[in-house]
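**Student:** Under numbering that gives the first Met the number 0, think of the first position of the sequence shown as 0, with each following residue one higher. Think of the CB as a built atom: it goes at the ideal place given N, C-alpha and C, for glycine as much as any other residue.
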Amino acid sequence: MTSEQKDTLKNRLDENYAAFIDSLQGKTVSELIAMAPEITAVQQLHEELLDACDDDDAAFLLRFDDPLEVVRGYWESEITGYDHSGEMGHMLWRIREDNQDEFEQQDEKPFDRDEIILDPVMDFSGKEVAAYIEIGFDVGRRFQVYPNLDDSYGLYVKYDPVSQALRAELCIEDGYDGGKRWETVLLLPSEQKMIIGLMEEVCQKDMGRSLRDTWTDHHPAINREKPHLKKNGRCQHER
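Shown next as structure tokens:
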């Protein structure tokens, strides 16, 4: 396209665009909303049409007094009639990536006692108290771990009554072949406190002793010289 053709077409498109914008003055909000596809098409064409034209295109468009309006109707049908689901899917992926950290923090709503189906089943035979807890909340939303629909899952925790450190893993059992996978998860402080309190209650109810005292009775290092004192280190209580 010659520079003269380009300048002439640019000036005409600018004039057409200015006239279109002027025609919007005085329209109501509802009228402008109804015209949204038309406004979008005109704006895109004003910004990009010139760069899309070759010599023949420019010569053809210059035959019209309002080339912007001539092209607008065709372009509007293109952008409104085309399936944009692919582009929208990519856009949504970008939004998720850009906001992932923020929303993960928002999604960390602690689970509560009502979402524990059974009280802990505890094992005191190791160096830490191990407990299995059957849970009934959405682990995908809480931990960003996503089992299949047929899978079962439970929460395993290991607690050291001396250091008061607690670790947790999610055990996910494949509903199809029974295979298991383990996912380390981080419990919020309120969740840790609630679980330790629940373990304490079960010990008091079933063993008649505190969690720490029960653990001391069965700790392998503490009792290795007195194996005859070691008791059965499991307790269970259904809610």
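Which partner residues of residue 129 appear in the DSSP bridge assignment?
**Tutor:** Beta-bridge pairing links residue 129 to 122 and 157.
**Student:** Sorted by chain position, which residues of the same chain lie with C-beta nearer than 6 Å to residue 183's C-beta, five sequence neighbours on each side aside?
**Tutor:** Excluding residues within five positions, the ones whose Cβ falls inside 6 Å are 168.
**Student:** Let's see if you can read the secondary structure: which residues bound the beta strand (DSSP E) around residue 171?
**Tutor:** Looking at the DSSP string, the run of the beta strand (DSSP E) that includes residue 171 is 164-172.
**Student:** Report the three-state DSSP secondary structure of residue 4 (helix, strand or coil).
**Tutor:** Looking at residue 4 - three-state DSSP - the assignment turns out to be helix.
**Student:** For the alpha helix (DSSP H) that contains residue 201, what are its first and last residues?
**Tutor:** Unbroken alpha helix (DSSP H) run through residue 201: 188-205.
**Student:** Tell me the rounded alpha-carbon separation between residue 87 and residue 215.
**Tutor:** Taking the straight line from one Cα to the other gives about 59 Å.
**Student:** Tell me whether the segment 193-213 and the segment 152-169 touch, counting them as touching only if at least three CB pairs, one residue from each stretch, are closer than 8 Å.
**Tutor:** Segments in contact, yes.
**Student:** What is the rounded straight-line gap between the Cα of residue 31 and the Cα of residue 23?
**Tutor:** Using only the alpha carbons, I get a separation of about 8 Å.
**Student:** Which residues mark the beginning and the end of the beta strand (DSSP E) in which residue 180 is found?
**Tutor:** Unbroken beta strand (DSSP E) run through residue 180: 179-184.
**Student:** With H, G and I counted as helix, E and B as strand and the rest as coil, what does DSSP make of residue 152?
**Tutor:** If DSSP states are grouped into helix, strand and coil, residue 152 belongs with the strands.
**Student:** Within the continuous alpha helix (DSSP H) that includes residue 41, where are the two ends?
**Tutor:** 35-51 is the extent of the alpha helix (DSSP H) around residue 41.
**Student:** Thinking just about the alpha-carbon of each residue, which of 180, 55, 48 and 124 is nearest to the one in residue 150?
**Tutor:** Among 180, 55, 48 and 124, the Cα nearest to that of residue 150 belongs to 180.
**Student:** Note the first and the last residue of the continuous alpha helix (DSSP H) segment covering residue 111.
**Tutor:** Looking at the DSSP string, residue 111 is not in any alpha helix (DSSP H), and its letter there is neither H nor E.
**Student:** Just to confirm, are residue 74 and residue 40 a CB contact at a threshold of 7 Å?
**Tutor:** Contact flag set, yes.
**Student:** Name the residue from 154, 207 and 204 whose alpha carbon lies nearest to the alpha carbon of residue 171.
**Tutor:** If we check each option's Cα against that of residue 171, 154 comes out closest.
**Student:** Write down the C-beta distance between residue 185 and residue 199 rounded to the nearest angstrom, noting that I regard them as a contact closer than 8 Å.
**Tutor:** That pair is no contact at about 22 Å.
**Student:** Nearest CA to the CA of residue 65: which residue from 42, 90, 76 and 14?
**Tutor:** Nearest C-alpha to residue 65: 14.
**Student:** Quick one: residues in its chain with C-beta nearer than 8 Å to the C-beta of residue 4, no 5 flanking neighbours on either side, listed in chain order?
**Tutor:** 54, 57, 58 and 61, listed in sequence order.
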